[in-house]
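A.B. asks: For the sequence shown, this note's numbering puts the final residue at 266, and the numbers step up evenly by one.
Below: one structure in structure tokens.
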Amino acid sequence: MEATIVPDIQKHYPVLLNELISIITPQYGGTFIDCTFGNGGYSKKILEYSNTKVIALDRDIETLNKAKEFSSKFEQRFLFRNLKFSQLNNLKIKNENIKGVVFDLGYSYIQIKDPKKGLSFDNDGELNMKMGLNNFSAHDVVNKLNEKELAQIFKYFGEEKESKKIARNIIKERSKQTIDTQILVKIIEKSKSFKSYKVHNATKVFQALRIFVNKEISELINGLINAVKVLKKDGVVAVVTFHSLEDRIVKYFFKSLSENKSISRY
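Quick look at the structure:
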């Protein structure tokens, strides 16, 4: 197996599409798993090669309409499942010869700008951040968890240096009113000793909440483990990471597989 690391980027659309295609080589045919179907960028490119098949996954049910378009166009060459990529082992693919598994982590522009999802600190309204198949929302986290739990989430998943102060001020404020997106942003801004002009002060806390709500760390680890299990010999896992925490996990995972295996870095 060849494990491939693609460096992190801050956009979700497939800007590294051509580079990734050169790594997984669909021009030679085979079955590929697109673990983050989204708007179908990777799947579409793979399916341009006539001897290919794509099994696509996405936890976001709103990708279903795009998946239906693909099913209509590519018929038996395209299969979509509304699953988290940690559920790769739930796919019935014993007879499939999986040549490559692709992950493009993070969020699409459409998802970030969707006010119903509540992913961005630029939006008004209720905190949500659920990407699909979730047990709770960011609203539940911020308005129900205790101070210590909130501080730990902000520290470990957002690497927020002022996690304790922010958590303490959230507890104070929610005794007066329910915390929504813009109230949370104001709490963070008031809590921060240093005001950054390059990165929004709420970035790390919102990242932490998205990771926690969607269980992104365990999802990624289990997704990688299951990807390796379904690959054929000399198959490829390609990962585009979104933030530094994901990047470290992917690199550590591939390093653990590197003994007696070749690793290609791009």
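Idealized CB from N, CA, C, for every residue including glycine.
All values reported here derive from a predicted model rather than from experimental measurement.
Who are the near neighbours of Leu202 in its chain, counting only those whose CB is closer than 8 Å to its CB and skipping five residues on each side?
C.D. replies: The question names Leu, but residue 202 in the sequence shown is Ala. These residues qualify, in order along the chain: Phe121, Leu184, Val185, Ile188 and Glu189.
A.B. asks: Among all the DSSP beta bridges, which residues are the ones paired with Thr31?
C.D. replies: Bridge partners of Thr31: Lys53 and Ile98.
A.B. asks: Quick one: what's got a C-beta closer than 7 Å to Ala227's C-beta in the same chain, skipping five residues either side?
C.D. replies: Leu88, Val101 and Val237
A.B. asks: My guess is that Lys192 and Gly158 are in contact by the Cβ rule of under 8 Å, so how many angstroms apart are they, rounded?
C.D. replies: That pair is no contact at about 13 Å.
A.B. asks: Give me the DSSP bridge partner(s) of Arg81.
C.D. replies: In the DSSP secondary-structure assignment, Arg81 is bridged to Leu57.
A.B. asks: Taking all protein chains shown into account, do 16 or more other C-beta atoms lie within 10 angstroms of the C-beta of Phe194, making it buried, or fewer, making it exposed?
C.D. replies: exposed
A.B. asks: Look at the Cβ atom of Gly223, then the Cβ atom of Ser43, and state whether they are nearer than 8 Å.
C.D. replies: no
A.B. asks: Quick check on the DSSP output: the alpha helix (DSSP H) that includes Asp122 runs from which residue to which?
C.D. replies: Counting along the chain, Asp122 falls outside any alpha helix (DSSP H), and DSSP gives it neither H nor E.
A.B. asks: Take His139 and list the residues in its own chain whose beta-carbon comes closer than 7 Å to its own, dropping the five residues that flank it on each side.
C.D. replies: Non-local C-beta neighbours of His139 in its own chain, meaning closer than 7 Å and more than five positions away in sequence, comprise Glu126, Leu127 and Asn128, ordered along the chain.
A.B. asks: With a threshold of 16 other CB atoms inside 10 Å of the CB of Asp58, please say whether the residue is buried or exposed.
C.D. replies: buried
A.B. asks: Suppose you measure from the CA of Asp34 to the CA of Phe103; what does that come to, to the nearest Å?
C.D. replies: If you take the alpha carbons of Asp34 and Phe103, they lie about 7 Å apart.
A.B. asks: So Gly235 is in the beta strand (DSSP E); what residue range does that whole segment cover?
C.D. replies: Where Gly235 is concerned, the enclosing beta strand (DSSP E) stretches over Leu231 to Val240.
A.B. asks: Restricting to Cα atoms, I'd like to know which of Val213, Asn39 and Phe253 is closest to Ile221.
C.D. replies: Among Val213, Asn39 and Phe253, the Cα nearest to that of Ile221 belongs to Phe253.
A.B. asks: Consult DSSP for Asp104 and reduce its assignment to one of helix, strand or coil.
C.D. replies: Of the three classes helix, strand and coil, the one that applies to Asp104 here is strand, per DSSP.
A.B. asks: I need the DSSP call for Gln177, collapsed to helix, strand or coil.
C.D. replies: coil
A.B. asks: Below 8 Å between beta carbons: does that hold for Ile21 and Val230?
C.D. replies: no
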